[in-house]
Amino acid sequence: MASSSRQKKKNKEKHNNSQGVLENWFAGHEEGITAYIHEMSIKHINIPKVLQFSLLKTKKLAETRSALKNKKLKQFLEMTGNVYPDLVKVFYTNLTLDGKNIVSYVKGIKIKVTNNVWYSGLKVGKGNTNGIQEFNKIQYYRSCVRNPSQSVNRFHVGNLNLTPRLIAYIIEWKLIPRVTNHAVLHEEDLILLYYIMNLIKVNWYTSSWNIC
139 MASSSRQKKK NKEKHNNSQG VLENWFAGHE EGITAYIHEM SIKHINIPKV
189 LQFSLLKTKK LAETRSALKN KKLKQFLEMT GNVYPDLVKV FYTNLTLDGK
239 NIVSYVKGIK IKVTNNVWYS GLKVGKGNTN GIQEFNKIQY YRSCVRNPSQ
289 SVNRFHVGNL NLTPRLIAYI IEWKLIPRVT NHAVLHEEDL ILLYYIMNLI
339 KVNWYTSSWN IC
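Note that the working numbering has the sequence shown beginning at 139, numbered continuously upward.
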């Protein structure tokens, strides 16, 4: 009985501590806390991967390095620092749109993501926001593979030539990150691969928000 009482006391203390943390994160906003507990808390947050451009200095990888530098992605891809997955979930729980800007609150502090945040803070380039007219994903995929005559059932990354294959993995792990199935390209991956490989400017702010 004594052991059971101690366990109940510990569980109550743990609950109180968790509740206190959530009230701090959401500045006492009860609706946000409820949404976090029942929806966002169970979601997985990808820990960002880091690309070292110094590893792309060989002649074989020169095309990959040039394509990524043309998109002004070097600083973003090499960015390091502490990651706080729980606070990222708080950010997404409170996320709203204010015109074309992304707005959220963490610990009662307003965070507004504007074009300037992307262009100045992350040093990424401006450019097109429109899709490609009549983009043929099968035709473009075949233009990037080692064996163009091979039938296309799924858009496997492993079938690509070296440069598009490396860029495809960077797209899937860093630019449009997802939890699983990094071996198969989605249509938005192929479109972004087309832009990068053909040195076409991309409006990263608009593109990323549309994809999300």
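Every residue gets a Cβ at the ideal spot worked out from N, C-alpha and C, and that includes glycine.
6 Å Cβ shell around residue i - same chain, five flanking residues per side excluded
i, result
"Tyr174", "Thr231"
"Glu325", "Lys275"
"Ile171", "Leu160 and Phe164"
"Ile124", "Summary: the structure shown does not reach residue 124, with the chain confined to residues 139 through 350, and so no result is reported for it."
Buried versus exposed, by CB contacts within 10 Å (16 or more), residue i
i, result
"Glu310", "buried"
"Tyr279", "buried"
"Arg284", "exposed"
"Val221", "exposed"
"Ile185", "exposed"
"Phe273", "exposed"
"Lys248", "exposed"
"Lys197", "exposed"
"Leu313", "buried"
"Leu331", "buried"
"Lys147", "Note on Lys147: pLDDT 44, under 50, position unreliable in the model; the coordinate value appears next. It is exposed - the Cβ of Lys147 has fewer than 16 other Cβ atoms within 10 Å."
"Lys209", "buried"
"Leu193", "exposed"
Those residues which DSSP pairs with residue i across a bridge
i, result
"Ile247", "Val244"
"Glu294", "Checking the displayed sequence, the identity of residue 294 turns out to be His instead of Glu. Answer is Val322, bridged to His294."
"Thr234", "Val241"
"Val283", "Leu298"
Identity of the residue in the options nearest residue i by Cα
i, options, result
"Leu235", "Tyr222, Lys250, Lys227 and Pro223", "Lys250"
"Thr301", "Ala200, Gly170, Lys245 and Gly166", "Ala200"
"Val159", "Glu216, Glu177 and Lys245", "Lys245"
"Val255", "Asn208, Thr172, Leu194 and Phe214", "Phe214"
"Asp327", "Tyr307, Lys210 and Gln288", "Tyr307"
"Ile180", "Ile334, Ser242, Val226 and Leu304", "Val226"
"Leu323", "Asn336, Leu337, Ile338 and Arg303", "Arg303"
"Tyr243", "Leu337, Lys339, Gln157 and His167", "His167"
"Val228", "Arg203, Glu169, Leu193 and Lys207", "Glu169"
"Met178", "Val340, Pro315, Leu233 and Ser287", "Leu233"
"Asn319", "Arg292, Ile329 and Val340", "Arg292"
Own chain residues within Cβ distance below 8 Å of residue i, not counting five before or after
i, result
"Thr218", "Val188"
"His182", "Val317"
"Ala321", "His294, Val295 and Gly296"
"Gln190", "Glu216"
"Met335", "Ala205, Cys282, Thr301, Pro302 and Ile305"
"Pro223", "Ile183 and Ile185"
"Thr202", "Leu194, Leu300, Thr301, Leu304 and Ile305"
Neighbourhood of residue i by C-beta, 7 Å cutoff - its chain only, sequence neighbours within 5 removed
i, result
"Val290", "Ile276, Tyr279 and Arg280"
"Asn162", "Lys245"
Q) What are the start and end residues of each continuous alpha helix (DSSP H) run of 4 or more residues lying completely inside the segment 200-226, in chain order? A) Fully enclosed alpha helix (DSSP H) runs of 4 or longer: 200-208 and 212-215.
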